[in-house]
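Below is one structure; the comments refer to it alone.
So, in structure tokens, the structure goes:
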């Protein structure tokens, strides 16, 4: 039991994909103009990661080593396309706010990274847990960054007003604020990790 | 199970079958989502027309009429209440936004008074230009365009000479583009009225 | 002619791929420690983006659109890019070993560079014709190289700075990137007419 818990927990905090492994930076920076957008992107990525991890661990022994990368890419790209179609059909507003970053989930290094480092070596259930943990870790990181940017930029969190918008620093909603907010968050995480 | 060795036939079979299965799954997913996707696009347009236009009992999309103003296409969706022109929803475009094009569905009453509007598409600066959806319906100061008639009120930002609408703070370019769309949409509606009058 | 100038200026400065579109961040953070490797990476990316854009555009226009298979765009494009990168590696190794020596290490990294896939998809979304697509592809890569090169210069200096331990490395690099992005924001709103 302990082993399974560790796999799940590992992706959330000790090797959080954004703050510790520094993977998937494009989506992290590009879609976190608000906590809500960040959460949606996180969930979308987590869904694809979960599916691809499970399928890759199922077929791992059927894929010869030399063609494993193209095979993984095909599997990941199929899930991304299915997600794209589903979003278009049932959640068109999401498509408008995340835009090009939905197809770009394919090249999110987290997916190929987990496929190569974990799913291609472990069993189905372990891979499922790993995908779940890493997905949750990614989503939480995106919500945190999106939340920080939204509060500093517009005085709101998930659209609920904390302080009047006129006092917000608009910079944080724009591109430079994304880099700066993420930089400070990673520094804070580094500081905490060193002390405990 | 033992891992398959990397021989050429193995590689081809393995990759080939993965691709075929993936392709089949995608084809299935496509056929499932095809209808909802088409419906979504249509429903969005219909909803926007119904929201901004006065009450109607015709099918504005069937009666649509197109014109070109300043090189942009404006589509008039006329609203008829028992064969009497009650106003229209006009889909207008401006290329003069801060970033990319701005598409607005503008609703007019029969006399040209602005009833409502919906910003359908824009890529303005988040937090500045993107406020246009709420700003121009805010009753504070002279921000709102709703209930005003471009014939009587000058639809220019108050910064510019003679303008009577307050633009968004720090987003004058976006505001100008929005008001330009409104003005041109109004023109398109007037033109439509004329062609209809001529027919009779 | 004006459209091409407009595409070039927009892609390099106004909508810089790294600073305003957030694409290609991974290599931007990973390979920007030295100016020389930054230029090497930039050259390799320019090469791949240009070819990938052309191939993707041709496939979209002459295969996917006529067959009504637009929904396969993502999967087809990523396979094209992966295939191109592999092919390029093999060809370069055989024909121009000197160039391979200097660029080779960056090639495998490019498949997962989202700037490549991003540009291929954006070109289709913007409805460019072939010439415009090529121009956009090259200009975007120049913008990417420029960003990488400026940033590498800054990071070489940063190495020598006394910094709090927690800020060293990526955090301070990201904050510098933010300040650079602010500088690039000065270009926004420029219109070429």
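Chains as they are written, first to last, in the numbering used here: chain A, 4 to 199; chain B, 4 to 203; chain C, 13 to 205.
Where a beta carbon is used, it is the ideal one built from N, C-alpha and C, also for glycine.
Check                                                                                                                   : Outcome
Own chain, CB closer than 6 Å to residue 94(C), minus 5 neighbours either side, in chain order                          : 123
Chain C within 8 Å of residue 193(A), Cβ atoms only                                                                     : yes
Sheet register partners of residue 72(C) (DSSP bridge)                                                                  : Paired residue(s): none; residue 72(C) is not in a bridge.
Interface partners of residue 8(B) on chain A, CB under 8 Å                                                             : 67
Interface residues of chain A facing residue 67(C) [CB-CB closer than 8 Å]                                              : None at all; the shortest Cβ gap to chain A is about 16 Å.
Where residue 14(C) falls, given that 16 or more other Cβ within 10 Å makes a residue buried                            : exposed
C-beta atoms of residue 106(A) and residue 62(C) nearer than 8 Å                                                        : no
Inter-stretch contact at 8 Å, needing at least 3 Cβ pairs: the region 120-128 of chain B / the region 97-110 of chain B : yes
Classification of residue 127(B) by the beta-carbon crowding that lies within 10 angstroms, buried from 16 upward       : buried
Which listed residue (41(C), 148(C), 91(C)) has its alpha carbon closest to that of residue 70(A)                       : 91(C)
Opening and closing residue of the alpha helix (DSSP H) in which residue 88(C) lies                                     : 85-107
Interface residues of chain B facing residue 84(C) [CB-CB closer than 7 Å]                                              : 29
Alpha carbon of residue 153(C) to alpha carbon of residue 113(A), nearest angstrom                                      : 24 Å
Residues in the region 54-80 of chain A having any Cβ partner in chain C nearer than 9 Å                                : 72, 73, 76, 77, 79, 80
Three-way DSSP call (helix, strand, coil) for residue 111(B) in this model                                              : strand
Closer than 8 Å to chain C by CB, residue 177(A)                                                                        : yes
Residue 68(A) classed as buried or exposed, judged by whether at least 16 other C-beta atoms fall within 10 angstroms   : exposed
Neighbour flag for residue 177(B) against chain A, beta carbons, 8 Å                                                    : no
For residue 14(A), three-class secondary structure by DSSP                                                              : helix
Beta-carbon neighbours of residue 180(A), restricted to chain C and to distances below 8 Å                              : 190
Same chain only: Cβ atoms within 8 Å of residue 116(B), ignoring 5 sequence neighbours per side                         : 150, 151, 152
Closest residue to residue 100(A) among 30(A), 187(A), 182(A) (Cα-Cα distance)                                          : 30(A)
N-terminal and C-terminal residue of the beta strand (DSSP E) that residue 131(C) is part of                            : Element bounds for residue 131(C): not the beta strand (DSSP E) but the alpha helix (DSSP H), 126-137.
Three-state secondary structure (DSSP) of residue 97(A)                                                                 : helix
Alpha-carbon to alpha-carbon, residue 159(A) and residue 114(B)                                                         : 40 Å
First and last residue of the uninterrupted alpha helix (DSSP H) at residue 20(C)                                       : 14-21
Minimum Cβ-Cβ distance from residue 146(A) to chain C less than 8 Å                                                     : no
Span separating the alpha-carbon of residue 188(A) from that of residue 22(A)                                           : 8 Å
Alpha helix (DSSP H) segment containing residue 148(A), residue limits                                                  : 127-157
Sub-8 Å separation of residue 193(C) and residue 75(A) beta-carbons                                                     : no
Any 3 or more C-beta pairs closer than 8 Å across the region 137-151 of chain C and the region 147-164 of chain A       : no
For residue 84(B), three-class secondary structure by DSSP                                                              : strand
7 Å Cβ shell around residue 141(B) - same chain, five flanking residues per side excluded                               : 147
Interface residues of chain A facing residue 33(B) [CB-CB closer than 8 Å]                                              : 88
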